[in-house]
Amino acid sequence: MNEDQSDRPRTPPVLPADDLEARTVRWPTVLGVISMVYGILALIGNGCGAGSPFATPFFLQMSGMDAEKITMSPALVWVQVGSGVIGMVIAVVLLAGSISLLRRSNRSLRILKTWVALAIITTIIGIGLGFVFLDANVQYQLDIQDATQAMIKDRGGNVSQFPAKTAEEIKSQSRIMLAAFGLLPMIYPVILGFLITSKSRSEQATNWQE
């Protein structure tokens, strides 16, 4: 049975209200989670970097190489360990800022701005130190290369299948790596610094609780 519904008044569809305020305050959660993940990865990475001068000889010896012939410059050891420890401290600053941001603390942006400045400065210093200790790093790689070839000979392998690189070749490749990848750690700090210095976000943060 069909009824004529043309005379019935049509009610407009009811759409949910656009909660603009809710949308504008989502950015602390997004940035807080991303920064926390980044901070955890940075903490792990720098921890591995700080321990690598002591762990690398052990793993090389486990692989069958003569670790006694592989020596890292004492200055390079201290630079690598120090860089790793400082990187871990800076990662803790980022974690503190990200947790504060998730809690909507008005101190969070100050902490994150501090981290941005520290991350950029230490990255630039790290690139500089990489060039300063380039020769020591090249010698370390040459020692590993010689130990690898010696291990292949001892096992009856064909050394010609693993052509050795000269010091100049290793140095040239190291320079390219420093120039190409040295600035990568600055990408997120620059992006985060740009986002948290926004006038609207700064004004929102002033209304948060301590």
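This note's numbering applies: residue 124 is where the sequence shown begins, and numbers increase by one. Ideal placement from N, C-alpha and C gives every residue a C-beta, glycine not left out.
Under the three-state reduction of DSSP, Ser223 is assigned to helix. In this structure, Met185 is the residue among Met185, Leu257, Ile234, Gln203 with its C-alpha nearest to the C-alpha of Thr271. DSSP, reduced to helix, strand and coil, places Ser186 outside both helices and strands of the structure shown, so it counts as coil. Within the DSSP secondary-structure output, Ser325 pairs in no beta bridge.
Using a Cβ distance threshold of 8 Å, Ala290 and Ala198 do not count as a contacting pair. Apart from the 5 residues on each side of it in sequence, Pro312 sits with its Cβ closer than 6 Å to the Cβ of Val239, Ala242, Ile243 in its chain, given in chain order.
C-alpha of Leu257 to C-alpha of Ser297: approximately 8 Å in a straight line. The continuous alpha helix (DSSP H) containing Gly249 extends over residues 231-255. Rounded to whole angstroms, the separation of the alpha carbons of Thr329 and Arg227 is 10 Å.
Taking the C-beta atoms as reference points, Tyr263 is found nearer than 8 Å to Met195. Per the coordinates, the alpha-carbon of Val202 lies some 20 Å from the alpha-carbon of Val215.
In this structure, Ser221 lies near Ser158, with their beta-carbon atoms less than 8 Å apart.
Counting along the chain, Leu318 sits inside the alpha helix (DSSP H) bounded by residues 310-319.
Assignment of Ser283 by DSSP, reduced to helix, strand and coil, places it in the helix class.
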